[in-house]
């Protein structure tokens, strides 16, 4: 007899397969990234949600958005990494889902994130680790624009989407050439390498620690409403300097 979990898994896979491809997808994205984006869009319709994103994370501190259902959701996903706090980061660290039906109740845990996300129209955030046993690859975030819990069926469905995201990431890497990342994933992690480079440059320029350099970059990005990765790119290219002595 087919279990309810198996039925749910088959249903989620069918929803993803039925999701139209994005005309913006290119051959350079490989198969993994477009499939994750289709997964996010299918999850929005299934749960329902206003946005869904998948972020790749590692214990070494790599944090990057792999896919999002739309541009607004991608911007909201980036908030957690720009500010250094939020449900996604806690869900990865704890290996457990973080469920916040009303963002305005979470100000004590993530004060800056809650204010910023609320300003983007987010009211509920549900973060599910993308993991299998001891292996963790990231987090799937579900966003809602009203303060309302996910139903028990919705929670089970979201967990299934997170399980499928894990499979997509693992299968994509298994099909990659030896010593190479799956198509599209190299660009995802390239952004983090650029961030670390910029962080080191700020540390040297300002005579501060790496931790302080990242905090300064996050504050600058948030205050100027720019993406942290874009700021890092500008710092590396020497288009922007955070040293007040250089007039930036």
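In my numbering, the protein residues as written are 4 to 251.
Glycine residues also receive a C-beta, built at the ideal position from the N, C-alpha and C atoms.
What you are looking at is a predicted structure, and each value in this text was computed from that prediction instead of being measured.
Exposed or buried, residue i, counting other C-beta atoms within 10 Å across all chains shown (16 or more means buried)?
{"i": "residue 213", "result": "exposed"}
{"i": "residue 154", "result": "exposed"}
{"i": "residue 1", "result": "Past the boundaries of the shown model lies residue 1; the chain is included only from 4 to 251, so the question cannot be answered."}
{"i": "residue 180", "result": "Its pLDDT being 49, under 50, residue 180 is placed unreliably by the model, and the measurement read from it follows with that caveat. Classification for residue 180: exposed."}
{"i": "residue 166", "result": "buried"}
{"i": "residue 26", "result": "exposed"}
{"i": "residue 14", "result": "exposed"}
{"i": "residue 242", "result": "exposed"}
{"i": "residue 147", "result": "buried"}
{"i": "residue 101", "result": "buried"}
{"i": "residue 57", "result": "buried"}
{"i": "residue 163", "result": "buried"}
{"i": "residue 174", "result": "exposed"}
{"i": "residue 170", "result": "exposed"}
{"i": "residue 7", "result": "exposed"}
Kindly identify the DSSP beta-bridge partner or partners of residue i.
{"i": "residue 68", "result": "58"}
{"i": "residue 134", "result": "139"}
{"i": "residue 164", "result": "According to DSSP, which records beta bridges pairwise, residue 164 is partnered with nothing at all."}
{"i": "residue 254", "result": "Not covered by the structure: residue 254. The range shown for the chain is 4 to 251."}
{"i": "residue 147", "result": "127"}
Assign residue i to one of three DSSP states: helix, strand, or coil.
{"i": "residue 139", "result": "strand"}
{"i": "residue 181", "result": "In this predicted model, residue 181 has a pLDDT of only 47, less than 50, meaning its place in the structure is not dependable enough to derive any value."}
{"i": "residue 40", "result": "helix"}
{"i": "residue 239", "result": "helix"}
{"i": "residue 127", "result": "strand"}
{"i": "residue 229", "result": "coil"}
{"i": "residue 5", "result": "coil"}
{"i": "residue 152", "result": "coil"}
{"i": "residue 158", "result": "helix"}
{"i": "residue 244", "result": "coil"}
{"i": "residue 24", "result": "coil"}
{"i": "residue 50", "result": "coil"}
{"i": "residue 212", "result": "coil"}
{"i": "residue 34", "result": "coil"}
If residue i and residue j are in contact, beta carbons under 8 Å, what's the gap, nearest whole angstrom?
{"i": "residue 17", "j": "residue 39", "result": "Not quite, the Cβ-Cβ distance comes to about 17 Å (not below 8 Å), so this is no contact."}
{"i": "residue 231", "j": "residue 81", "result": "6 Å"}
{"i": "residue 99", "j": "residue 127", "result": "Rounded, the Cβ-Cβ distance is 17 Å, inconsistent with contact."}
{"i": "residue 206", "j": "residue 218", "result": "Not confirmed; about 11 Å, so no contact."}
{"i": "residue 236", "j": "residue 85", "result": "Actually they are not in contact, since the Cβ atoms of residue 236 and residue 85 sit about 14 Å apart, beyond 8 Å."}
Can you find a heavy atom of the ligand PLP that lies under 6 Å from the Cβ of residue i?
{"i": "residue 203", "result": "Although the ligand PLP was asked about, the structure shown includes no ligands whatsoever."}
May I have a chain-ordered list of the alpha helix (DSSP H) segments no shorter than 4 residues that lie completely inside the segment 81–124? Listed in chain order, the alpha helix (DSSP H) runs fully inside the segment 81–124 are 90–97 and 114–122, counting runs of at least 4 residues.
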